[in-house]
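Data first, discussion second: the structure below is written as structure tokens.
There are 2 protein chains.
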Amino acid sequence: MNIGEVAARTGLPAKTIRYYEEIGLVSPLRDVNGYRAFRESDRHKLAFLARARALGFSIEDCRALLALYEDEHRASADVKRLAERHLEKIEEKIRTLEAMRETLSELVEACAGDHRPDCPILKGLGEEERPAPSTGVA
Amino acid sequence: MNIGEVAARTGLPAKTIRYYEEIGLVSPLRDVNGYRAFRESDRHKLAFLARARALGFSIEDCRALLALYEDEHRASADVKRLAERHLEKIEEKIRTLEAMRETLSELVEACAGDHRPDCPILKGLGEEERPAPSTGVA
DNA sequence: CTTGACCTTCCAGCAGCTGGAAGGACTATC
DNA sequence: GATAGTCCTTCCAGCTGCTGGAAGGTCAAG
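If you read the protein sequences in the order shown, they are chains A and B.
Numbered per the numbering used here, the first sequence finishes at 723, counting up by one with no gaps.
Numbered per the numbering used here, the second sequence finishes at 723, counting up by one with no gaps.
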């Protein structure tokens, strides 16, 4: 199987597959003409990688997952630990993004979006943080 | 004001401030000793940038926002458009991450996480996509 | 024999910093 | 005046995970 076919069947760009070989995630054989010769097992590994990447696992996590995948004597606890840590990172990212969305959508809603220069978005970005937003009652 | 003080007051690392100068986001003066001499306006700009970056705006968006900020004849519509586009990207990212979280948390929950090798997470990653999950009824 | 689609390697670049080396400048203390 | 410690400077390299492009080899069809 040449790289083009593997690319088509895994959905990974050929460039990416070459890169994965370079960093040692797959090791296809070589034909006499120098072309990479992928076995079924290579294609399978690449498909595994594609799915792990699609779940947001880092390359190093993928490497670890692949090693566990190939290790018949693995403990599922090791896999689970890895996945849980990743899940937490995802949740953390979601929280960060939701905070951004919250702030940003407030600003956007407050902005007239017309020809005038007054703009709560720029105002919000330009303002020094307030020491304490008191109610004005001493 | 030296870079250290600006860093402390904006929360930006000195390295980042130097980088922002390099890419033309700020242009502090220089003392005779070669040290950067930040004016209040520089500090203000950097604080603006820090907040815009914290909302996830790209550097190029920040550059545009800064230009609008400094332009008294801007139209708030331009700012709003930029912010809305960014908001959409954030929402897109959130959706992607939530899909990941969904899939991943299902896998994690299904995994015993013990000493045995059987692991739904690895199984999920290793499986070829099904042609059609029929009910078995022909 | 040429065309075109494939494949190869290598090098550069993206974003947005971050780390480290090597060295100058300033402040305080002895 | 020497020394120590902290600040500042520049420059270069590296991080993640690819992606694009140049220059060239290979193969199948006509």
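We put the beta carbon where it would ideally sit given N, CA and C, even for glycine.
Remember, predicted model here, so these are calculated numbers, not experimental data.
Of the residues A:GLY641, A:GLU694 and A:ALA668, which one's Cα is nearest the Cα of ILE679 (chain B)?
Along the second sequence, one-based indexing puts residue 679 (chain B) at 94. Minimum Cα distance to ILE679 (chain B) is reached at A:GLY641.
Does the Cβ of TYR604 (chain A) have 16 or more other Cβ atoms within 10 Å, making it buried, or fewer, making it exposed?
Here residue 604 (chain A) refers to the residue found at position 19 of the first sequence. Exposed, by the Cβ-count rule.
When B:MET586, B:GLU645, B:ALA649 and B:MET685 are compared against GLY619 (chain B), the one with the closest alpha-carbon:
Against the second sequence, residue 619 (chain B) aligns to sequence position 34. Checked all of B:MET586, B:GLU645, B:ALA649 and B:MET685; the closest Cα to GLY619 (chain B) is B:MET586.
Comparing the C-beta of VAL664 (chain B) with each C-beta of chain A, is any distance below 8 Å?
Here residue 664 (chain B) refers to the residue found at position 79 when the second sequence is read from its first residue. Yes, VAL664 (chain B) counts as interfacial toward chain A.
Give the residues of chain A in contact with GLY698 (chain B), contact being defined as C-beta atoms less than 7 Å apart.
Position 113 of the second sequence, counted from the first residue, corresponds to residue 698 (chain B). The answer, in chain order, is SER661, ALA662 and LYS665.
Only counting runs of 4 or more residues, tell me where the alpha helix (DSSP H) segments fall wholly within the segment 641-666 of chain A, in order along the chain.
644-655
Quick one, which of A:VAL693, A:LEU631 and A:ALA622 has its alpha-carbon nearest LEU597 (chain A)'s?
The sequence position of residue 597 (chain A) within the first sequence is 12, counting from 1. Out of A:VAL693, A:LEU631 and A:ALA622, A:LEU631 has the C-alpha closest to the C-alpha of LEU597 (chain A).
Under 8 Å by Cβ, that's how I've got CYS696 (chain B) and LYS665 (chain A) pegged, so tell me the actual separation to the nearest angstrom.
Numbered from 1 along the second sequence, position 111 holds the residue referred to as residue 696 (chain B). Numbered from 1 along the first sequence, position 80 holds the residue referred to as residue 665 (chain A). CYS696 (chain B) to LYS665 (chain A), Cβ: 5 Å. Contact.
Look at the alpha carbon of SER661 (chain B) and the alpha carbon of LEU689 (chain B), and state the distance between them as a whole number of angstroms.
In the second sequence, the residue the question calls residue 661 (chain B) occupies position 76. In the second sequence, the residue the question calls residue 689 (chain B) occupies position 104. The alpha-carbon atoms of SER661 (chain B) and LEU689 (chain B) are separated by roughly 41 Å.
Mind checking ILE608 (chain B): buried by the 16 CB within 10 Å criterion, or exposed?
Translated into the one-based positions of the second sequence, residue 608 (chain B) becomes position 23. Exposed, since its Cβ has fewer than 16 Cβ neighbours within 10 Å.
Where in the segment 592-642 of chain B do unbroken runs of the alpha helix (DSSP H), each at least 4 residues long, occur, reported from the N-terminal end onward?
599-607 and 625-639
Would a check of beta-carbon distances place VAL591 (chain B) closer than 8 Å to chain A?
As a working note, residue 591 (chain B) is residue 6 in the second sequence. It does not: the Cβ of VAL591 (chain B) has no partner Cβ on chain A nearer than 8 Å.
Do the CB positions of ALA637 (chain A) and CYS647 (chain A) come within less than 8 Å of each other?
Sequence index remark: in the first sequence, residue 637 (chain A) carries index 52 (1-based). Sequence index remark: in the first sequence, residue 647 (chain A) carries index 62 (1-based). Result yes, Cβ atoms of ALA637 (chain A) and CYS647 (chain A) sit closer than 8 Å.
At a CB distance below 9 Å, what residues from the segment 599-610 of chain B approach chain A? Give them in sequence order.
none
Would you tell me roughly how many angstroms separate the C-alpha atoms of ALA592 (chain A) and ALA599 (chain A), rounded to the nearest one?
Here the question's residue 592 (chain A) lines up with position 7 in the first sequence. Here the question's residue 599 (chain A) lines up with position 14 in the first sequence. Each residue's Cα considered, the two are about 5 Å apart.
Note the first and the last residue of the continuous alpha helix (DSSP H) segment covering PRO705 (chain A).
Counting from one through the first sequence, the residue named residue 705 (chain A) turns up at place 120. Counting along the chain, the alpha helix (DSSP H) containing PRO705 (chain A) begins and ends at 705-711.
Determine the chain B residues that contact GLU657 (chain A) at a beta-carbon separation under 9 Å, and present them in chain order.
For this step, residue 657 (chain A) is matched to residue 72 along the first sequence. Under the 9 Å cutoff, chain B gives PRO702.
Specify the secondary structure class of ALA684 (chain B) as computed by DSSP and reduced to three states.
As a position in the second sequence, residue 684 (chain B) is number 99, starting the count at 1. Looking at ALA684 (chain B) - three-state DSSP - the assignment turns out to be helix.
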